[in-house]
Each structure stands twice: as C-alpha cells, then as structure tokens.
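Heads up: the sequence shown begins at 0 in numbering that gives the first Met the number 0, then just goes up one per residue. Note that beta-carbon positions come from the ideal geometry of N, C-alpha and C, so glycine has one too. All values reported here derive from a predicted model rather than from experimental measurement. Single-structure report; data block below.
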Amino acid sequence: MYLRLGWVVGNAGVLGALLIIGLSVLITATTGLSLACVATNTRMEAGGPFAIMYRSLGREVAGSLGVPLFFSQSLAVVMYVFGFRDGWMWVFPDHNPLLVDFLSFAVVFGVAFVSAGFAFRIQYLILTIIAVSLCAIFASPVKHFPIVSAEQLWGNFSDANFWAVFAVFFPATTGIMAGANMSGELTNPRRSIPLGTLSAILLSSVIYIFLALWCAHAALPEELRSDYTILIERSLWGPPVLAGLLGATFSSALSSFVGAPRILQAMGAKQLLPGASWFAATSASGEPRNALVATSLIVCAGLLMRNLNDIAALITMFFLITYCALNVIVLLESSLGLLSFRPSLMVPRIVPLIGAVGCVFAMFIINPVFSLVACALVVSIYVYLVGHNVGEEDCDTRSSFFEAMAAWAFVRLSVFDRDNPRTWKPNILVPLEDPSEIAGEYKFLLDLGRPEGSLKLLGLATARTAEELGPEIASLGNYFRRDKLFTTWSTIDCTDYFNGAVTGLQALQSAFFRPNVMVLRVPDVIERHDECLRIVSEARRARVGVLLLAEHEKSGYGRRQVINLWVRPEEDEDLARALHRGAMHLAILFSIQMARAWNARLNLISAVSDSEKEEQTRLYLENIIEACRLPASASCHILSGDLMTCISKAPQSDLEVMGLQTEPDMGFIETMVKSTRSSHVFVLDSGREDALA
0 MYLRLGWVVG NAGVLGALLI IGLSVLITAT TGLSLACVAT NTRMEAGGPF
50 AIMYRSLGRE VAGSLGVPLF FSQSLAVVMY VFGFRDGWMW VFPDHNPLLV
100 DFLSFAVVFG VAFVSAGFAF RIQYLILTII AVSLCAIFAS PVKHFPIVSA
150 EQLWGNFSDA NFWAVFAVFF PATTGIMAGA NMSGELTNPR RSIPLGTLSA
200 ILLSSVIYIF LALWCAHAAL PEELRSDYTI LIERSLWGPP VLAGLLGATF
250 SSALSSFVGA PRILQAMGAK QLLPGASWFA ATSASGEPRN ALVATSLIVC
300 AGLLMRNLND IAALITMFFL ITYCALNVIV LLESSLGLLS FRPSLMVPRI
350 VPLIGAVGCV FAMFIINPVF SLVACALVVS IYVYLVGHNV GEEDCDTRSS
400 FFEAMAAWAF VRLSVFDRDN PRTWKPNILV PLEDPSEIAG EYKFLLDLGR
450 PEGSLKLLGL ATARTAEELG PEIASLGNYF RRDKLFTTWS TIDCTDYFNG
500 AVTGLQALQS AFFRPNVMVL RVPDVIERHD ECLRIVSEAR RARVGVLLLA
550 EHEKSGYGRR QVINLWVRPE EDEDLARALH RGAMHLAILF SIQMARAWNA
600 RLNLISAVSD SEKEEQTRLY LENIIEACRL PASASCHILS GDLMTCISKA
650 PQSDLEVMGL QTEPDMGFIE TMVKSTRSSH VFVLDSGRED ALA
C-alpha cells in the first residue's frame with residue numbers, strides 16, 4: 000500500500016489503477032464471501048482454511064494444500080521482515096541489515112510466543128498507527144497536479160504492461176486468511192470470521208481507491224514511477240506515514256507468524272506429518288509452542304537467504320491455490336444440494352465460480368512458470384500422502400461429500416442409456432454362502448474385474464445368521480480392495496441359496512454399479528445342479544450375463560497362457576446378426592479381458608462337419624478378429640468332424656470358453672471338462688453386450 004500503489008498509478012493512470020484494484024478486489028471479495036459462507040455453515044476448527052479443506056476434501060487433498068500453505072505463511076514472515084528492514088534502513092542507513100532482520104523477528108517471535116491474545120492487543124496499537132498515517136496522507140493538500148492529461152487518466156505503461164502491473168499489485172490484496180488462520184482461538188468463529196474478513200476487504204478496498212486518487216493528484220506519472228516513497232514525501236507529515244509503513248509490515252509479519260504454526264499444529268493433530276504428535280502438542284494455555292518453534296526455524300533459514308524475490312511469486316501461487324480450493328468447495332457443495340450445507344450467509348453459485356476462475360487467472364497472469372511449479376508440488380505431495388497412507392482414515396471426512404457427488408452423477412446418468420455398450424465393463428456379482436467357496440477363483444476374479452470393473456460379494460446366510468457371516472464377507476472384500484479391485488459386499492438372511500441369490504440379483508438391478516455378469520460355480524454335488532440351473536434362468540430373465548465356472552480338479556487354470564474360444568459357425572453375412580444369434584458377445588468380451596490379464600494367446604476354434612464350409616468359417620472367424628479388435632495373438636483354428644472329435648484335436652489350453660445353452664446340460668459340461676483336461680467357462684449373454692462397439 001505505501002510503496003506499490005504510487006508506482007501502479009504512475010504506470011496505469013488513475014483509471015487503469017482503479018481497474019486493477021477492481022479486478023483484484025473482485026477475486027478477493029468473492030473468495031472472502033466463499034470463506035464467510037463456509038464459516039457460517041460449520042464449526043471452524045483450528046487451522047482455518049486447512050480445517051475447511053480437511054472436512055470437505057479429505058486428508059490427502061487438505062495435506063497437499065496445507066503443507067505448501069504453511070511454508071508460504073512462514074516465508075511470508077520473511078518477506079514482511081525484509082519490508083520492515085527496508086523502511087528502517089531508510090531512517091537508519093548505517094545499521095546492520097542482518098541484525099535489523101533478526102532483531103525485528105525476535106520481537107515478532109516474543110510477541111507470538113507469549114500468546115495469540117497478546118499479539119491481538121499489539122495489532123490494535125499498530126492499527127492506530129496506520130490510521131494516523133492515513134490521516135497524515137489524506138490531510139495533505141494534493142492539488143498540485145489536477146487530472147487533465149490522457150496519461151494521467153490511462154497510463155502509457157512505460158515500465159510494464161497492464162497485466163504485469165496487475166501482478167505487482169494483486170498480492171497486496173491476498174491477506175484475507177489472517178483471521179481464518181486464528182479460527183481455533185476465536186470465541187465465535189462463525190460470526191467473527193465472516194464479519195472480520197468482509198469488513199477488512201471492504202475497508203481496504205475503499206482505502207486503495209482513495210489512495211489511488213490521492214496519488215494521481217499528488218505527483219506526475221513519471222514521479223510516481225520513479226519515487227517509491229511519494230506517500231511519505233507528499234503527506235502532511237512524514238514521520239507518521241513512515242511509522243505506518245513500519246507498522247504495516249510488522250503487523251503482517253506478526254499475523255503470518257501467529258497463523259502459520261496453527262496450520263502446522265492442525266496438520267499434526269490430523270496425523271499428516273512425521274512426528275505429528277510433537278507438532279500437535281500445545282501448552283497449558285493452548286498455545287502451539289512446538290509448532291511455533293518449528294516455524295521460527297524456517298523463518299530464520301529464510302532470513303539467511305537474504306533475498307526471496309525468486310520465490311515470492313511461488314508463495315503467492317500457494318495462497319491462490321488455497322483460495323481457489325475454498326471457492327471450489329462452496330461451488331460443489333451448493334451445487335450438490337447437500338442438506339448439511341445450510342450456511343447463514345448463502346451466496347449465489349456465480350460468486351465462488353468467479354472466485355475460482357479469478358484465482359486461476361491471477362496465477363497464470365502473475366507467473367505461468369511458478370503456477371505450474373506450484374501445481375506440480377501440490378500434486379506431488381498428494382501422491383506421497385496417498386501412497387504412504389499417512390494417518391488413520393477419518394470415516395466422516397469425505398464420505399458424505401463424495402456420496403452426494405455420486406448421487407448427483409447417478410441422477411443425471413439415469414436419463415441416459417445406462418446400457419451403452421461402448422461403456423461396458425465387468426460389474427461382477429458373486430453369490431456365496433462361505434468365503435472359502437471362491438478361494439480357488441480369487442485370482443480369476445481379480446483378472447476378470449481389474450482394472451476398471453467392480454465386484455459385488457453377496458453373502459447368503461443360509462446355515463448361519465447374517466451377523467455371523469457378514470464380517471467374513473467384509474474381510475474377503477477388503478482383500479479384493481487391497482488388490483485394486485473395487486469391491487462392495489452385503490449379506491442377507493435367506494432360507495436357501497436359490498432364493499437368496501435371486502433376491503439379491505433382483506434388488507441390485509437399480510444399483511449404480513448394476514451387475515452385468517453373475518459368476519457361478521458348477522456345484523460339487525448333483526443335488527444342487529437343478530438349483531444352479533434355476534439361478535441361470537433367473538439371470539437370463541433379468542438380462543444379466545452368466546459365467547458358469549467348471550474348474551478342472553487337477554490342472555485348475557494351468558499356466559494362464561492359452562485360451563480357447565469356441566465359436567459356432569454362422570452363415571449370415573451380417574456379422575452383428577451372426578454374433579447375436581450365436582450369443583457370442585459376452586464370450587468374446589470375456590476372452591479379451593482374460594487374454595489381456597494373462598497376456599495369453601487366444602485361439603478362436605470352430606468345429607465344422609462339412610469340409611466345404613471350412614473356408615467360409617475361416618472368413619467368419621477372421622472377420623470376428625478384425626471387427627471385434629481382438630488381441631494380435633488371436634488366431635483361427637478350423638476343425639473338421641463332430642464336436643467331441645474336434646475337442647480331441649483342439650490345441651491344449653489353460654481355459655476353454657464356450658457358449659452356455661439356454662437350457663444347460665450339466666452332463667455335457669462335465670464331459671467337456673474331462674475331455675479337454677482344462678477348466679471351462681460357459682458363457683450366457685445378457686443381450687446388453689456388444690463386442691463390436
């Protein structure tokens with residue numbers, strides 16, 4: 000304010016300066032309104048903006064933004080101390096600059112170490128000094144240069160273009176988080192933060208506007224550009240203005256130094272940092288002394304650097320990313336219609352939208368390179384926190400927020416065709432009475448579902464209660480999740496396997512990840528064959544595909560290197576009709592998925608009884624390979640004779656894939672497994688797949 004504004008007016012003219020102030024205030028005011036909106040909606044915990052992001056976006060996002068925000072607040076102290084030193088050296092040029100830096104910071108540290116309350120009382124004194132300095136400025140008779148020339152109205156931007164001047168001025172308006180950082184110290188943050196933040200924005204905006212007008216009258220543009228102390232020299236009385244300059248820099252340093260440790264302490268309390276318990280500790284009076292000491296070490300290191308010009312823009316970037324995140328939180332929560340979003344101060348959605356876009360705009364206007372560097376650092380910290388799973392998960396942190404996002408997406412999705420074959424991926428349903436039933440198929444299910452599919456485990460409590468079976472199903476589901484397959488589970492009480500499986504199948508038809516493939520095992524006992532066939536029939540009625548697994552008792556899934564896909568010859572020249580009539584879509588998609596997972600060779604095999612049809616069948620298989628975009632390893636095999644004869648001639652495989660009859664014959668299934676000495680998967684289309692999509 001004391002040093003930059005004259006230079007801004009000298010370059011941009013009074014109208015250009017007012018436009019720059021207006022754009023800066025627009026971004027700051029919209030962000031301030033978003034902050035006020037959030038503050039009136041929830042109880043603000045210690046850490047200010049970090050606490051808001053933690054509650055809404057989760058530990059990883061909050062941590063990735065909180066760490067750089069803490070360092071930015073800490074290094075901002077260094078910049079303000081340097082500013083204080085520049086003012087001091089203007090009065091006492093013979094003093095040692097390094098000594099001035101450390102002595103002034105020692106005073107800041109001492110005030111903050113006593114208590115936040117003591118720091119607040121010091122701020123009142125500084126506020127009085129600044130008010131007196133402004134009176135000294137505005138009381139000056141500055142009618143020397145009436146605004147008459149075009150350059151005074153709209154500058155020629157001789158030192159920098161419009162956006163470069165904007166980049167110089169904008170950081171002066173980014174101190175709106177000073178009060179929010181003290182959220183843990185305030186008696187009523189829901190009232191104090193909105194009132195203080197918005198009042199500060201309004202008051203500072205009015206002061207900037209009147210100072211810009213004063214500067215335009217106080218000196219010619221070339222003087223404003225070359226003399227940074229014009230406010231001191233042209234004021235009614237210079238000493239109060241100099242005291243105001245020193246007080247403003249000291250106040251800013253004190254605010255940043257009081258706020259930064261509280262962000263660090265809040266991150267420690269959430270177990271986001273190594274040695275978190277030490278950072279989270281507070282004194283008997285509630286002061287984060289350990290975090291204060293850690294922050295002071297960073298500030299001292301910054302003071303020894305002697306020049307922060309190279310990273311000053313990076314510090315501003317981290318502030319702007321935080322402001323953008325706050326705007327995005329308000330925009331999303333207000334758009335999702337969360338019942339928990341009931342702020343006392345409701346703002347239109349356009350407000351956080353303007354704030355978010357404005358923050359991104361300001362970032363890349365100020366310094367595109369540092370904007371990208373800041374974003375890269377935030378992403379890197381996020382990846383680190385996700386990969387190291389720092390801290391214990393807070394079950395309430397993101398669940399309601401992202402659940403609402405999912406519900407919002409589901410409602411919009413419901414108006415579209417949910418059976419779009421181009422978006423098909425395996426959403427698997429596995430009914431089971433005991434987790435041990437699928438122990439042998441664990442790897443198979445992983446290969447079938449990963450990377451983009453999902454798995455639903457349906458526990459059927461027939462012999463025991465759902466309360467007894469549920470924990471075992473949940474444990475199995477968690478193993479799948481740890482192996483990167485999205486898995487959900489539920490357990491129901493039922494009288495028998497058939498009724499439980501069918502009830503679950505029917506109930507899940509309206510689920511977001513609606514099952515499109517049911518995986519069943521051929522029962523070990525003959526008495527349950529009929530039950531299995533009835534479930535297949537119900538799945539067909541529900542238009543859910545079926546994979547009936549018949550695992551070879553000795554070879555299992557072998558080396559997982561070769562897959563044989565049996566294709567019934569079709570004479571129809573229209574491939575789409577031929578595949579539909581042969582019910583081959585799901586079988587082809589399944590074979591592609593498993594061939595990718597296993598990196599296996601895929602053989603397409605057809606048995607023909609008439610040798611004259613071999614060439615036609617070969618063309619049909621080649622057409623399937625090309626049109627369905629099968630892996631490059633896919634090859635055609637035409638075998639002559641009846642099916643059983645061809646089975647003996649077929650290449651040895653680790654998995655045989657065959658179509659499942661509308662009325663399956665369990666005897667035929669057992670014969671196939673014994674004849675090929677390989678595991679089989681018998682596939683029934685649902686009618687919703689399309690291998691040509």
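{"Query": "Touch test, the stretch 503 to 512 against the stretch 466 to 480, Cβ-Cβ under 8 angstroms, three pairs minimum", "Result": "no"}
{"Query": "Buried or exposed (CB count within 10 angstroms, at least 16 for buried), T490", "Result": "buried"}
{"Query": "Buried versus exposed call for Y322 [16 or more other C-beta atoms within 10 Å across all chains shown]", "Result": "buried"}
{"Query": "Buried or exposed by the 16-neighbour rule on C-beta atoms within 10 Å, applied to I19", "Result": "buried"}
{"Query": "CB of N366 within 8 angstroms of CB of A312, strictly", "Result": "yes"}
{"Query": "Close-in-space but distant-in-sequence residues of the same chain around S282 (CB under 8 angstroms, 5 per side omitted)", "Result": "R288"}
{"Query": "Residues bridged to P430 (per DSSP)", "Result": "L457"}
{"Query": "At least 3 beta-carbon pairs within less than 8 angstroms: the stretch 644 to 656 vs the stretch 551 to 567", "Result": "yes"}
{"Query": "From V106, A16 and T315, residue whose alpha carbon lies closest to that of A373", "Result": "T315"}
{"Query": "Endpoints, the beta strand (DSSP E) within which M657 is located", "Result": "L654 to G658"}
{"Query": "Reduced DSSP category for T486 - H, G, I as helix; E, B as strand; rest coil", "Result": "strand"}
{"Query": "Nearest residue (CA-CA) to S334, options L352, F318, I320 and S343", "Result": "L352"}
{"Query": "C-beta atoms of N426 and V516 nearer than 8 angstroms", "Result": "yes"}
{"Query": "The stretch 234 to 254 touching the stretch 29 to 36, judged by at least three CB pairs closer than 8 angstroms", "Result": "no"}
{"Query": "Span of the beta strand (DSSP E), counted from its first residue to its last, around F681", "Result": "S678 to L683"}
{"Query": "Residue span of the alpha helix (DSSP H) that contains N563, given as start and end", "Result": "No alpha helix (DSSP H) holds N563; the beta strand (DSSP E) holding it covers V561 to W565."}
{"Query": "Enclosing alpha helix (DSSP H) for G544 [first to last residue]", "Result": "Premise fails: G544 lies in the beta strand (DSSP E), G544 to A549, not in any alpha helix (DSSP H)."}
{"Query": "Three-state secondary structure (DSSP) of M43", "Result": "coil"}
{"Query": "Rounded C-alpha distance that separates L97 from V77", "Result": "12 angstroms"}
{"Query": "Close-in-space but distant-in-sequence residues of the same chain around A355 (CB under 8 angstroms, 5 per side omitted)", "Result": "C323, N326, V327 and L330"}
{"Query": "Same chain only: Cβ atoms within 6 angstroms of D395, ignoring 5 sequence neighbours per side", "Result": "Confidence is the limiting factor: at D395 the pLDDT is only 44, short of 50, which leaves the residue's position unreliable and the question unanswerable from this model."}
{"Query": "Opening and closing residue of the alpha helix (DSSP H) in which H579 lies", "Result": "L574 to R580"}
{"Query": "Under the three-state DSSP convention, the category R600 falls into", "Result": "strand"}
{"Query": "DSSP state of R481 mapped onto helix, strand, coil", "Result": "helix"}
{"Query": "Own chain, CB closer than 7 angstroms to H694, minus 5 neighbours either side, in chain order", "Result": "Look at the range of the chain in this structure, 0 to 692, and you will see that residue 694 is not part of it."}
{"Query": "Beta-carbon gap between M345 and V257 smaller than 8 angstroms", "Result": "no"}
{"Query": "Close-in-space but distant-in-sequence residues of the same chain around L302 (CB under 7 angstroms, 5 per side omitted)", "Result": "V77, V80, D100, F101 and F104"}
{"Query": "Residue of E613, C358 and E150 minimising C-alpha distance to N10", "Result": "E150"}
{"Query": "Inter-residue spacing [alpha-carbon to alpha-carbon] between M240 and I136", "Result": "The sequence shown places Val at residue 240, rather than the Met named in the question. If I take the Cα positions, the gap works out to 7 angstroms."}
{"Query": "Span of the alpha helix (DSSP H), counted from its first residue to its last, around S255", "Result": "G237 to A268"}
{"Query": "C-alpha distance - S234 paired with A159, whole-angstrom precision", "Result": "27 angstroms"}
{"Query": "Residue from E451, F497 and N498 with nearest C-alpha to F512", "Result": "E451"}
{"Query": "For R628, the first and last residue of its enclosing beta strand (DSSP E)", "Result": "No beta strand (DSSP E) contains R628, which DSSP labels as neither H nor E."}
{"Query": "C-alpha distance - T172 paired with T27, whole-angstrom precision", "Result": "7 angstroms"}
{"Query": "As assigned by DSSP and simplified to three states, the class of A283", "Result": "coil"}
{"Query": "Classification of F91 by the beta-carbon crowding that lies within 10 angstroms, buried from 16 upward", "Result": "exposed"}
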